[in-house]
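Q: These protein sequences, in sequence, are chains S, L and H.
So the number in this note's numbering is just where the residue sits in the first sequence, counting from 1, plus 1349.
So the number in this note's numbering is just where the residue sits in the second sequence, counting from 1, plus 1.
So the number in this note's numbering is just where the residue sits in the third sequence, counting from 1, plus 641.
The beta-carbon is built from N, C-alpha and C at its ideal position, and this holds for glycine as well.
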Amino acid sequence: MDMVLTLILLPIIASILLLMLPNQRAQYVVITAVLFFLGIGAFSLYTSMGLLTFQLSHTMNLAIVAADVLLLLFFLYQGRVFNHPKVMALAAVQLVLYGYIELIAPESGSAEIMVDSLSKFMFLIINGVGGIIVLYSVKYMEDEPASPLKKRLFVGGLLVFLSVMNLIVIANSILLFFFLFEMTTLASYLLIAFRDDDVSRANALKALWMNQIGGVVILLGALVAIIGFKTVMFDTLLQSSGGMVLFSIALLSMAALVKGASIPFEGWLLGAMVAPTPVSAMLHSATMVKIAPYLILKLAPALAVSMVGGIISIIGALVFVAASYLALSRSVLKEILGYSTVALLGLMMALAAIGSEESMNLAMALMLFHALSKALLFLSAGVLERLHHAKDIEDMKGMVTRSPKTVGFILFGFVSLTLPPFGLFMGKLFAISSIAALLKEHPSNLIILLSLIVGSALMVLLYFKVASALLSAPSDIRASEAIAIPNGFNVPLVLLSFFIVIGALGYIMLQHNIFVVLLALPMLFVFALPTLIRRMDRYDRSQPYHCGEKESFNAALVYYEPSLKLQRILYWGFGSLFVAVAIVGALS
Amino acid sequence: MKFFTPFRKKSPWVLHYNAGSCNGCDIEILASLAPKYDLERFGVINTGNPKQSDIFLVTGPVTYRSRERLVELYSQIPEPKVVVAVGSCTATGGVFRGMYNVEDGIDRYIPVDVYVPGCAASPQLIIDALVKGLEVLEAKSKEIEKPFKLFGAIETIHNKLSRLNMATKVEPHAKD
Amino acid sequence: MIWVWIALAPILGGLVYGGERVLRARMQRRQGPPILQPFYDMFKLLDKRTLIVHAPHALLAVAHFFVLWFSVAAIFLGWNLLYIIFLHLFAQLLLILAGYSVRSVYSHIGSNRELLMVVAYEPILILVAVGLYLVSGSFEVSQILKSGGYLTQLPLLFAALLMIVPIKVKKSPFDVGEAHQEIVGGVEIEYSGVFYEFLYMSRFLEYIFIYSFIYLFGGESHWLGALLVAGVFLLVNLVDNATARVRPAQMVKIIYTVAMALAVFNLAGVLL
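(1) Can you check the segment 1376 to 1456 of chain S for any beta strand (DSSP E) of at least 3 residues that lies completely inside it and give the ranges in chain order?
(2) Anyone know if the C-beta pair for Ala86/L and Tyr110/L falls short of 7 angstroms?
(3) Give me the chain C residues within the contact set of Ser1821/S, using Cβ-Cβ distance strictly less than 9 angstroms, ordered along the chain.
(4) On the DSSP bridge assignment, give the partners of Leu692/H in chain order.
(5) With a cut-off of 8 angstroms on the beta carbons, I'd call Val870/H and Gln794/H a contact; round off their distance for me.
(6) Does the segment 1702 to 1714 of chain S touch the segment 1676 to 1686 of chain S, meaning 3 or more C-beta pairs lie closer than 8 angstroms?
(7) Kindly say whether Asn19/L, judged by its beta-carbon, lies nearer than 7 angstroms to any beta-carbon of chain H.
(8) At a Cβ threshold of 7 angstroms, is Ile693/H touching chain S?
(9) Between Arg66/L and chain S, is the shortest Cβ-Cβ distance under 7 angstroms, so that the two count as touching?
(10) How many angstroms separate the CA atom of Val1668/S from the CA atom of Leu1696/S?
(11) Quick check: the Cα distance between Thr1408/S and Phe1763/S, rounded to an integer number of angstroms?
(12) Below 7 angstroms CB to CB, which residues in the same chain sit around Ile1759/S once its five sequence neighbours on both sides are set aside?
(13) How about Phe850/H and Val713/H: do their beta carbons lie closer than 7 angstroms?
(14) Starting from Val743/H, trace the beta strand (DSSP E) both ways and give me its first and last residue.
(15) Let me make sure I understand the geometry here. Which of Gln53/L, Tyr101/L and Ile128/L has the alpha-carbon closest to that of Gly88/L?
(16) Sort Ile158/L, Lys82/L and Pro118/L by Cα distance to Gly25/L and report the nearest one.
(17) Inspect the CB distances between the segment 62 to 75 of chain L and the segment 696 to 704 of chain H and report whether three or more fall short of 8 angstroms.
(18) Against chain L, does Lys685/H count as a neighbour if the rule is that its beta carbon must be under 7 angstroms from one of theirs?
(19) For the beta strand (DSSP E) holding Lys1740/S, just list the boundary residues, first then last.
(20) Between Gly778/H, Thr898/H and Glu763/H, which lies nearest to Val1803/S when the distance is taken from Cα to Cα?
(21) What is the DSSP secondary structure of Met167/L, reduced to helix, strand or coil?
(22) Comparing alpha-carbon positions, which option in Leu1881/S, Lys1639/S and Lys1814/S lies nearest Ser752/H?
(23) Using only the alpha-carbon positions, how far apart do Ala1441/S and Phe1530/S sit?
(24) Taking 7 angstroms as the limit between beta carbons, can you name the residues of its chain near Leu1842/S, skipping five residues before and five after?
(25) Please confirm if the segment 89 to 108 of chain L is in contact with the segment 17 to 24 of chain L, defined as three or more CB-CB distances below 8 angstroms between the two stretches.
(26) For the alpha helix (DSSP H) containing Thr884/H, name the first residue and the last one.
(27) Expressed to the nearest angstrom, what Euclidean distance is found between the alpha-carbon atoms of Ile767/H and Ile726/H?
(28) What are the complete beta strand (DSSP E) segments, minimum 3 residues, inside the segment 715 to 787 of chain H?
(29) Select from the segment 1823 to 1853 of chain S all residues with a C-beta closer than 7 angstroms to any C-beta belonging to chain L, and list them in chain order.
(30) Which bits of chain L does Asp1889/S rub up against, with CB to CB less than 9 angstroms?
(31) Less than 6 angstroms between C-beta atoms, sequence neighbours within five positions excluded: which residues of the same chain meet that for Lys809/H?
(32) So, helix, strand or coil for Ile46/L, using DSSP?
(33) Within its chain, find whatever has a CB closer than 6 angstroms to the CB of Met804/H; leave out the 5 residues flanking it on each side and keep chain order.
(34) Taking the beta carbon of Arg754/H as the centre, do at least 16 other beta carbons fall within 10 Å, making it buried, or is it exposed?
(35) In chain L, which residues lie with their C-beta within 7 angstroms of the C-beta of Ala666/H?
(36) When burial is assigned at 16 or more other CB atoms within 10 Å of the CB, is Arg1883/S buried or exposed?
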């Protein structure tokens, strides 16, 4: 338990320290130390056995209630200040619901805090990847046009967010979970609005009201749980049986769909891309949105082989295809990455909701490797933004000559998302074979299988389309005049790549299958190729072929814009599927 | 690489370029590639890509506009290579000789190995010329061959041989 | 023994390619090149000066060839079909990256089209693997070849596979990736000499790769497998000689509507 407490308190202490340290070097020392201890803590917890439980005292519960009410009042206030009726209405609904629930809430039966193996796994993602992103953010914020205090507040805020995340994955009480869920919404809102221009503000408010829908459904789920089973605890709810269980579970998993930015809620996550890059990396890709698959995984025992589980896995799988397709029409790198995050979250939720042991393990593996790869990609996008002022892939044409190392990281990120032997690819591969094994019993899984296959193909198209913009180098006769990456950026990127490789190696070793290990051979071969570069000196260098012309090179990128009609069908379709989750839950 | 040399004549891949021809010879070239004359039985492939070609089939008297392209394509063909000038225009300018926009034959710009007479050159002659060209091809070495005009430079930079500037552009308003 | 076959795979593919050129010539009532023509071409390419644009571009072609060879070897060794498909995808992506890595418009167009081809045929290949798995109970090639009856149970899936064969061997109506002189060979354009040779040989391997999938449908009966391969070989060349090229987007649309529907319909039929 001490270790868990460290994970929660250490980031908060560190953020207070940071606020008092104006010196950048001192900041680095503090963050490195925190990263080190968090990593050690998370890892030792992960390798430890057993279930840790903890009961909150009465005063602590009261403090949480007070904080929750304050939070909702703050949302209400923000809605009033910026004159946003949706925010106000949803905050008001939540206030009423929350008040009512607290009135009728039963005395807590079991512990509010429970650290199970899933939480330990989440610690690994949150503290490992999150810590590296905090390390990166110090350098990133250096060039931000904001006051020094605000910059330090930003870095401190990210650290505090880590402890919120550490807490949310061990919450066993639905009400505690609701409070922390709203805290992450608040973090999202404040950090998206960080730059405080019109677009940021509008997108922040959008994120606020959409995420509050998640809050409302959690409260409704809690209400059903209280009425039906007199409990607000996840574990008690999952052990009970009866008609109402699935309704409550269905409502809770709808919150996951909102937080996971499944279509039609993907708007808030894409809007969130206006925030500084560390925010996009941390909140909107690596850690916060992982609450969605985490929640489904937590509910999976009840979801498995139920209609609700079935419909959620179908939604997830369809989102995987639809979001990959929609991403093909975008040109801002971060938005493309955002869409692919939405897609992969859908896939993770689909796998989690299938609920077989194998598919749940796969969902967890995908979570870890996705966090690593996406963090790497977002941080590299941030480097391009800072050093080359390029956000749009149209501005990144031929970037490989100007910033070969960053492009290398981005390519490595893409490769780690699509090719053997990296974890994400392996996850998809095993997912195909494990779903195929389930097909005989559940033919409906054919939809999921098909979406998985088509979605993966579309993702390949997406990533390599982006790669096409970055690449295209001239002849290597002369050394290129590339800008070096400062260490503040370089170290986190190298760390992430290192963990991707280590993770991939660990994952393929875990399979105990010699063929899986052999899948790594081609990649080894490709990595060995640069040693041959000197030997290529003996071949003549020549001009690329332009039909005899000496034109300057300008290749256009291909975009696939879905028609308005198709978009409307997508939104209405996914909207009605979202509502269908609740209806199916109520009926079964 | 003596062992591989005999195979040069077994797989001549051609690049066909029209340097301002009237299209008469081009049609005959296509005819000789088509089923009736079936050049493919000699292993000929019309690649359309200088980097993978051995034989440069040029038609036309070289107009001013086509000079740079002719030399650029020529310098992008890796050695050993053979240039076959198809039709009377390529040899002397033919009916276009003396016109204000014509260079009177491609051998002012690049070295030619085989000339094919005729206006238009007949497919039989073209096939004959190709077979003749194969003998020349087999005898050639792998030394870099340079164009006569519009030749820039072959440089060695950082141990790498650069052909990037082998063909240059015509100076605007140059009298040549 | 099996290692000898693996080592000989490019030569075997070369013979298939040479035979195909003769066959196509005969279909057009002409004599055509000798059957060993691909090997003459290979030897000639070794005797040429080599021009490259930059080193990584040239090396990626080498990597493409060897990874492709690896995936073909995996078929011969009887590995898991899914691994084989993804190893092949890996090889293809290396080639696509190579195409993108130079400043040549045709190379970029070629890579774009290769990507679309991957998007078109990849799902069908995986569905074929899943179909074979449903009937035989295993993804392993060695196990698949031990049972039979695929053709009777998966006729529509086989038809779907037939539709993607022209994409893989670059034949009309789906030869958008190479498109003869329309885009001057696409990704292959900047290669010459030794490095073009690797691409030329990887074309041979593609033949082996895709026709192995056809062969799998024969199951335990080697004769049926060989017959299927021969029949499909004839059919593909007949179609090649008789049809025009479609646009890349049309190709994807046709595969995603017709072939995908056939495959899914067949799989659903097997399941229910």
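A: Once the coordinates are examined:
(1) 1401 to 1403
(2) no
(3) You won't find chain C in this structure, because its protein chains are S, L and H.
(4) Asp1889/S
(5) That belief does not hold up - the Cβ atoms of Val870/H and Gln794/H are roughly 19 angstroms apart, past 8 angstroms.
(6) no
(7) no
(8) yes
(9) no
(10) 8 angstroms
(11) 49 angstroms
(12) Leu1726, Ser1729 and Leu1819
(13) yes
(14) Val743/H -> no beta strand (DSSP E), and no H or E assigned at all.
(15) Ile128/L
(16) Pro118/L
(17) no
(18) yes
(19) Careful: Lys1740/S lies outside any beta strand (DSSP E) and carries neither H nor E.
(20) Glu763/H
(21) coil
(22) Lys1814/S
(23) 17 angstroms
(24) Leu1725, Leu1728, Ser1729 and Phe1758
(25) yes
(26) Per DSSP, Thr884/H belongs to no alpha helix (DSSP H) and is neither H nor E.
(27) 7 angstroms
(28) none
(29) Ser1824, Ile1826 and Arg1827
(30) Pro79, Ile145, Ile155, Lys161, Leu162, Ser163 and Arg164
(31) Glu847 and Ile851
(32) strand
(33) Ala900
(34) buried
(35) Glu41
(36) exposed
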